[in-house]
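What follows is one structure encoded as structure tokens, with my remarks underneath.
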Amino acid sequence: MSQRRRHAVLSAASGLLIVALPAATAAADHSGNAADSRHSGAARAVPAGPGTYVPQRIIGGPSSPALSAWGIVHNPVTNEILVGDYLTSQVRRMTRDGRYLGDLQNPGSRIGGVASALGVDPRDGSIYLAVTGEGRTSDDVRKYDKFGNYLFGLDMPTSTTWLTVDKDGYLWVPSAYKGARLTRYRVDNATKSATAVLTISKPGTGPGQFGSLTGIGTDNADNVYVADVGNKVVHAYTPTGAWRFDLGKGLFPGDIRGVTVDNSTGNIYVANSAIGTIEVFSKTGTRIKTFGGIGTGNGQFIDGARQLTMTADGNLYAADYGGQRVQRFTAGGSFAAFFPNPPMPMDRAGIAQSRALDIDPVTGDIVMADAWGQRVLRYGPDGTLLDSHGRRGSTTPDGMNYPKGVAIDPGTRNVWVANFEGAPDLVGYTKDFGSVVRRIVTPRFINDLEWSGGLLYALERRPGALHVYNPATGGEVRTWGSTKGLIRGVGVDAATKNVWITSDTKPEVYVLSPAGAIIRTVPITGLGWDVAIRGDYAYVASTTGNTVQIFDRRTYALVGTVGGTGSKFGQLNQPSGLAFNSAGSLYVVETAGSRVQQFSVAAPPPAEAVKPTTTIAATVVGGQLTVTGRASDGSGIAGVGVRVRDLTTNRYFHATLGTWVTTATLNAGIVWGPITATDWRYVVPGTLPGRSYRVDAVATDRRGNASATMTTTLSVP
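Residues -26 to -1, 1 to 691 (mature numbering (1 follows the signal peptide of the UniProt record, and there is no 0)) make up the sequence shown, in order.
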């Protein structure tokens, strides 16, 4: 949903903020007259000759909702509701009425990947978590004791998104989205291993046959019910692998997610997520009730429920990922409650996972795609949030599906957004997001957009292709199929029409002729992402090298770098998108840093030892802490760090990890306005338990001088 222009920035949080000023040398830009329109805005002269890129300001900052509910399960042993938070990679322990109790305890304080489906062994309360998604570093399944202490991980034969545990403690895993196999495992705690005791493999489209399997649940007789999104039915099997029946044939138009069983009645509940409903079937497979629907009201789902769970006394809990909440229903389908209540969305000016950006050629505004925030943000050049458009969903005008590409038409200033996971695909909006100009149906996994010569270049990350569209008609004018496997980012040389493409798996860039032939392979340090071409230079974001590498676009020689590994001012944490404004300032999106940094060819601020100053104020509304202030310094403010300490547990909130830790942690507040007198704000993304907290704030200037620590203490009812 678009929030119209000139709203004040609200906030953000996350990440250790220690400010320094590294020198970033680079070759100079010569002139803007050959620059691509996407990355340069209006052409004008920029400094000539060698120069140093100096960090100017940070725009935006990390933030997340209080609860991005995806996986959910009731633990009958502890009587807790466990909720997987999709964005922070944590699992929240909560009471049945939604009070926060703590998190599952993980080595390194975070799950290495996306927290997906949850299961509980009803005999002892031990917990199983499926781990999947981009960035996965841990095993496919993690096991915890009933108190949430990590026990061990399981490396499964296939990627694991969905799982459940039956009453006898066996782990069931479907081959989520890929393959046609359902496996029942015996888990051995002594050897920390899982042994398959039953495998059902029945690929096909007939009764009882498997297409793509997703949600899964079992009943008190260990019968298993598994959603088949490929064949659009739910299969019922005995614990020995005998097919019983299919349910819902002709009912599910597409996406099917959670499945759970009310063991008191045998009724089966299925998330018909494509249309936002929950379908109820009898134990023999007869449909007996439907409730829910697409929407934002009580009992509705923005993009359909994810996992479902049932308590013994007949309460149904549904993970409302798009709505950033959990909803509770009676067994009959009547809405009962939701939590967190009041809702706690992410900060409007914050960023869940930044991926791409472009610069408005008239205003110099920064337009940025927040993939996990499911929206596009528009910031003014001073970092003020001007607009926010989008929500999780698959339909226009405001639905977005992990947007990872954004490009601005320099003539009309229309904003084009590429949705990575498919519908609504590639969408063009007017500059104020007031209406949709055109929707173009594209392949899935469009990872980057480039505007050049009146055409849109859309890079398909996997299996790898470049699609060129005429936005006026929506037609595809040409395609290049990758001969190099997976690819990631694209830049177009407006002077030669050559296309620069980065590899998703190799430290190299491919330069294609206008006809699509590879004319050069350019080695880089680390894996590349976006490419921006300005004047005689090509700028390549190295997302693993944490630099922007600068090449002469004619000789392909490396002539300079910007950045370096870290979260300090001027350092980079997984740079992805690149863009230039008309004055030659380079803007860099950091995917892991969830922020935008501006660099300019300029002299560093003059040396001085004067410490900056800041004010601090803190309020608690509905259990959520908000900290605000104003920081001042003659050389400019680089950032503000905020530390929140629970005086009862003596633990500190770590916003990047999304949990409480024993080490004192400074989290980045969002700053905006004049750099010599910036407003700032920080929000703890969640409900604080009722007790006392100490809040500290430290401002740092662009020379690395830190202010005195400002402190306030407050109590949460």
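Positions of the beta carbon are idealized from the N, C-alpha and C atoms, including for glycine.
Beta-carbon to beta-carbon, Gly537 and Asn520 are separated by about 6 Å, close enough to satisfy the 8 Å threshold.
Taking C-beta atoms as the reference points, Gly87 and Thr106 count as a pair closer than 8 Å. Taking C-beta atoms as the reference points, Ala305 and Leu282 fail to come closer than 8 Å. Annotation: Pro488 is outside any beta strand (DSSP E) and is labelled neither H nor E by DSSP.
For Ile507, the closest C-alpha among the options Ile190, Asn555 and Phe543 is that of Asn555. DSSP, reduced to helix, strand and coil, places Gly544 outside both helices and strands of the structure shown, so it counts as coil.
Between Gln548 and Ile33, the C-beta gap is not smaller than 8 Å, which leaves the two residues out of contact. For Gln301, the enclosing beta strand (DSSP E) covers residues Arg299 to Thr304. No Cβ-Cβ contact shorter than 8 Å links Ser362 with Pro398. The DSSP-derived three-state label of Ser83 is helix. Scanning the region 165 to 198 from its first residue to its last, the whole beta strand (DSSP E) runs of 3-plus residues come out as 167 to 175 and 187 to 192. Under the Cβ criterion (8 Å, minimum of three pairs), the region 673 to 690 counts as touching the region 583 to 596. When the Cα atoms are used, Ser541 and Gly567 turn out to be separated by approximately 7 Å. Here Arg84 is buried, its C-beta having at least 16 other C-beta atoms within 10 Å.
Counting every other CB atom within 10 Å of its CB across the protein chains shown gives Pro314 a total of 16 or more, marking it as buried. Distance from the Cα of Thr686 is smallest, within the candidate group Tyr667, Gly678, Arg677 and Ala680, for Tyr667.
Contact between Arg462 and Trp503 holds, with the beta-carbon distance rounding to 6 Å and staying under 8 Å. A direct Cα-to-Cα measurement between Ala311 and Arg365 gives close to 22 Å. Residue pairing by DSSP places Val575 opposite Tyr27 in a beta bridge. Restricting attention to alpha helix (DSSP H) runs no shorter than 4 residues, the region 123 to 162 encloses none. If you draw a straight line from the Cα of Ile55 to the Cα of Pro371, it comes to about 35 Å.
In the three-state reduction of the DSSP assignment, Thr499 falls in the coil class, being assigned neither a helical nor a strand state. The way I'd put it, the region 142 to 157 does touch the region 174 to 191; three or more beta-carbon pairs between them come closer than 8 Å. A Cβ-Cβ distance of about 3 Å is found for the pair Gly296 and Ile276, placing them in contact under the 8 Å criterion.
A distance of 8 Å or more separates the beta carbons of Tyr443 and Leu433.
A Cβ-Cβ separation of about 7 Å places Gln301 in contact with Gly273 under the 8 Å criterion. Gly490 is the residue among Leu460, Gln545, Gly490 and Gly204 whose C-alpha sits nearest the C-alpha of Val473. With contacts defined by Cβ atoms closer than 8 Å, Thr479 and Gly465 do not form a contacting pair. The region 325 to 342 makes no contact with the region 95 to 104: fewer than 3 CB pairs, one atom from each, lie closer than 8 Å.
Taking a cut-off of 8 Å on C-beta distances, the region 223 to 235 touches the region 244 to 258, as three or more cross pairs fall below it. If you look at Tyr295, you'll find it isn't in any beta strand (DSSP E); DSSP assigns it neither H nor E. Collapsing the DSSP output to three states places Ala439 in a strand. At the C-beta level, Gly396 and Arg412 stay beyond 8 Å of one another. Under DSSP, the beta-bridge partners assigned to Asp361 are Arg352. Sequence-distant partners of Asn123 (beyond 5 residues in either direction) whose C-beta falls short of 6 Å from its own C-beta, in its chain, are Gln79. If you draw a straight line from the Cα of Ile190 to the Cα of Ala89, it comes to about 16 Å.
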